[in-house]
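Have a look at the structure below, then the notes.
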Amino acid sequence: STLYKTWLQYNEIPGSELRREYADLLGRVVVERETSRHCTAAVNELTEGFKSMLRTNAVFMDEAPASGSYLRIGVKVVEAAGTNREGRGWEKGEDAFSLKLIKAGEGKRLELIGRSPSGVLYGVFHLLRGMALGLRPEELEREECPVNRLRMINQWDNADGSIERGYAGNSIFYEGGKIVADTSRIRDYARMLSSVGINAISVNNVNVHEIETRFITEEGLPEVARVAEVFRNYGIALFLSINFAAPLAIGGIGTADPLDPNVQQWWAETANRIYRHIPDFGGFVVKADSEHRPGPFAYGRDHADGANMLAEALEPHGGLVIWRCFVYNCMQDWRDRSTDRARAAYDHFGPLDGKFRDNVLLQIKNGPMDFQVREPVSPLFGAMSRTNQVLEFQVTQEYTGQQRHLCYLVPQWKQVLDFDTHAVSAGVQVKNIVEGSLFGMKISGVAAVSNIGNEECWTGHPLAQANLYGYGRLIWNPDLSAEAIADEWTRLTFGNDKDVVEKVTQMLMASWPIYESYTSPLGVGWMVVPHYHYGPDVDGYEYSRWGTYHFADRDGIGVDRTAATGTGYVTQYYIPNRETYESLKKCPDELLLFFHHVPYSHRLHSGSTVIQHIYDTHFGGAEAAEGLSLIWSALAGKIDAERYEAVESRLAEQRDHAKHWRDVINTYFHRKSGVPDERGREIY
Ligand code: BDP
5 STLYKTWLQY NEIPGSELRR EYADLLGRVV VERETSRHCT AAVNELTEGF KSMLRTNAVF
65 MDEAPASGSY LRIGVKVVEA AGTNREGRGW EKGEDAFSLK LIKAGEGKRL ELIGRSPSGV
125 LYGVFHLLRG MALGLRPEEL EREECPVNRL RMINQWDNAD GSIERGYAGN SIFYEGGKIV
185 ADTSRIRDYA RMLSSVGINA ISVNNVNVHE IETRFITEEG LPEVARVAEV FRNYGIALFL
245 SINFAAPLAI GGIGTADPLD PNVQQWWAET ANRIYRHIPD FGGFVVKADS EHRPGPFAYG
305 RDHADGANML AEALEPHGGL VIWRCFVYNC MQDWRDRSTD RARAAYDHFG PLDGKFRDNV
365 LLQIKNGPMD FQVREPVSPL FGAMSRTNQV LEFQVTQEYT GQQRHLCYLV PQWKQVLDFD
425 THAVSAGVQV KNIVEGSLFG MKISGVAAVS NIGNEECWTG HPLAQANLYG YGRLIWNPDL
485 SAEAIADEWT RLTFGNDKDV VEKVTQMLMA SWPIYESYTS PLGVGWMVVP HYHYGPDVDG
545 YEYSRWGTYH FADRDGIGVD RTAATGTGYV TQYYIPNRET YESLKKCPDE LLLFFHHVPY
605 SHRLHSGSTV IQHIYDTHFG GAEAAEGLSL IWSALAGKID AERYEAVESR LAEQRDHAKH
665 WRDVINTYFH RKSGVPDERG REIY
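Residues in the sequence shown are numbered from 5 upward in steps of one, following full-length UniProt numbering.
Listed below in structure tokens is the structure:
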């Protein structure tokens, strides 16, 4: 169905002239035999794509024809710098490709050269995308090399088939404690990921339960290897989340102490076993000493001890340890104002800079708290110059409307990537840091939590497909604009009708600000129903142990994180960011309540008071949410019924739910502050 095919619709090219031109150019494909052995997925994709877009069956040949036009595909392997390991390398440049249109006698030759079979695959997807966008052959010419080396997706899927923070049905990977027998849907997912440049995936939840702990045993591995094979064909390396206490849980060793030789040996043997089954296994993702997960702290060891022990086991095979920095005290006493969860990652990991082995990467969430609709950028970016880093985004919309509300997140991610950290000097943006060359990181990149499940449209809300697409495109090239990505996704998904493209792009681009405007105000976060994180509950997290407070009382609201009078979190930033956030005058409005506790009468840069801003944005936001559904209804008849209706019903839910948000937030602050709305609108 069109829902299922996402951005890979491969509709017939409408203009018959352009279609004929492409059919002529691409009707014959020359791939040398040696190359084609390694490029099966690329060849299959071309075959499928040409058949449905050009209505031709491409003829594959292993030698160039004497005359006429054709597509030539080749691999020119990038020199691997000193990688004599059995595992896969992560060399910069190995995923690159070039596409050139060359005049050859009477005809033309389109030449696609990849620097590896993955490069060829990316080139093929680029070609098919260009065709679907209606580009002419000469407009396809380019040389591309992804900016980030590691471009990863994290599944939070559990073996029982459920998905932590999944909003689109159950897992496509697991059912009833087992890996699914039929992997064809996983293959389709691999195609989607590869089409936007993803090259790594961890296939189980970071919270590892007993069943998944066993994935690394002799019984579990043949099953995992089946999935690894599916992804391998699409240039995607498979990783597993592991349980740090596995030596205890399944190893029969009475400890998981990283400095214990028996533990070290157990992990070394485990690594050997894994690589016997999966020779190009990517490595481990580890959530340790976080939210009740086991870790090195139990043995008086630190994160470097824990990560390095695993790294040593994987090192001979070329495997990586991706160690998450989402570490904080989730049992804090809300009465104690001296602890600040925002400080935690930096306080834990900053002092360990330089202590990690070369194949360890620290995975850092984009903000210091937890994927809120608005947060400052984590100060850890730029703070560790001798440690490999991975930036973590959340594609699944946990705190941003759970794929029932429209929230296109690419603009948010873009702000994070473009944030000027002022590490080393002005102009050092987060994207320059995670790309790796600035600090000479051995390997680095970006990871994100997936938003897909087994529903027909993959993502619950059909328009939420744009987030998965956009994530891949953005981390391939962080200089792409959020608009350009939205425009591209819309065309690929719904076709090139001008009205459709304009309206859908407009909806996507407006959606994050709209969602922000009717939910928690001015960067304060967390006013959601505890545990579920959907819908408003202003005080739900206020007197809890999670470190998630807004401190609203009758006089004011916000968290004082200044150095002068607050938690001192601002000192984790470089100057001038530190000064900007410290200063009530300079702090940007959208983060005001993240950094300052202010009276409701405080005047924002925008000119309005905090309380009036809350009223205005909530009335305005609910109205704008209704506006989204009106824009969509203007597209009736231009979009197939299945997708039209699926989107329409989500937008109707959003419209109603936004009003609920508006009323709960406005009423709360009206009652707390006693300040009336200047414009006298209805507050309950
Ligand atoms: C939070 C989620 C929780 C995850 C955790 C994590 O609520 O389900 O396990 O992040 O990232 O956002 O480990």
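Cβ atoms here follow ideal geometry from the backbone N, Cα and C, with glycine treated the same way.
Buried or exposed (CB count within 10 angstroms, at least 16 for buried), residue 88: The predicted position of residue 88 is uncertain, since its pLDDT is 45 and thus under 50; a value taken from the coordinates is nonetheless stated next. When all chains shown are included, residue 88 counts as exposed.
Range covered by the alpha helix (DSSP H) that runs through residue 105: Per DSSP, residue 105 belongs to no alpha helix (DSSP H); it is in the beta strand (DSSP E), 101-108.
Can you name the residues that DSSP bridges to residue 18? BP columns for residue 18 are empty, so no partner.
May I have the straight-line CA-CA distance separating residue 571 from residue 564, to the nearest angstrom? 7 Å
For residue 110, which residues of its own chain have a beta-carbon under 8 Å away from its beta-carbon, when the five flanking residues on both sides are left out? 71 and 72
Can you tell me whether residue 638 is buried or exposed, with buried defined as 16 or more other CB within 10 angstroms of its CB? exposed
List the endpoints of the continuous beta strand (DSSP E) containing residue 675. First-last for residue 675: 645-677, but that is the alpha helix (DSSP H), not the beta strand (DSSP E).
Residue burial classification, residue 32 (beta-carbon count within 10 angstroms, cutoff 16): buried
Is DSSP giving residue 242 helix, strand or coil here? strand
Residue 680 by DSSP, collapsed to three states: which one? coil
With DSSP run on the structure shown, which of helix, strand or coil describes residue 53? helix
Within 10 Å of its beta-carbon, does residue 545 have 16 or more other beta-carbons around it, so buried, or fewer, so exposed? buried
Would you say residue 562 and residue 597 are within 8 Å of each other, going by their C-beta atoms? yes
Taking residue 599 as part of the alpha helix (DSSP H), name the residues at either end of that continuous run. 596-599
Heavy atom of ligand 1 within 7 Å of residue 168 beta-carbon: yes
Taking the continuous beta strand (DSSP E) assigned at residue 289, which residues delimit it? 287-290
Taking only the alpha-carbon atoms, compute the straight-line gap between residue 229 and residue 371 and give it to the nearest angstrom. 34 Å
Residue range of the unbroken beta strand (DSSP E) whose run includes residue 204: 204-206
Contact under 8 Å by Cβ, residue 155 with residue 211: no
Closest Cα partner of residue 215 within the set 672, 253, 423 and 188: 253
Three or more C-beta pairs closer than 8 Å, one from the region 15-31 and one from the region 54-66: is that the case here? yes
Between which two residues does the alpha helix (DSSP H) harbouring residue 469 extend? 469-480
Delimiting residues of the beta strand (DSSP E) encompassing residue 359: Careful: residue 359 lies outside any beta strand (DSSP E) and carries neither H nor E.
Please list, in chain order, all residues of the same chain as residue 423 whose beta carbon is under 8 Å from its beta carbon, the five residues on each side excluded. 381, 385, 433 and 434
Expressed to the nearest angstrom, what Euclidean distance is found between the alpha-carbon atoms of residue 427 and residue 578? 6 Å
In angstroms, rounded to a whole number, what distance separates the CA positions of residue 520 and residue 665? 11 Å
Candidates 671, 456, 291 and 313: which alpha carbon is nearest residue 332's? 291
Going by DSSP, what residues sit across from residue 607 in a beta bridge? 613
Considering only C-alpha positions, which residue in the set 123, 554, 76 and 592 is nearest to residue 543? 554
Assumed close pair residue 629, residue 659 - CB separation to whole angstroms, cut-off 8 Å: 5 Å
Please say whether residue 466 and residue 651 have beta carbons closer to each other than 8 Å? yes
Using the beta-carbon count (16 or more within 10 Å), is residue 547 buried or exposed? exposed
At which residues does the beta strand (DSSP E) containing residue 74 begin and terminate? 74-79
How big is the Cα-Cα spacing for residue 680 and residue 518? 23 Å
Taking residue 161 and residue 180 to be in contact with their CB atoms under 8 Å, please state how far apart those CB atoms are, rounded to whole angstroms. Not a contact, Cβ separation roughly 13 Å.
Cβ of residue 294 versus every heavy atom of ligand 1: is any distance shorter than 7 Å? yes
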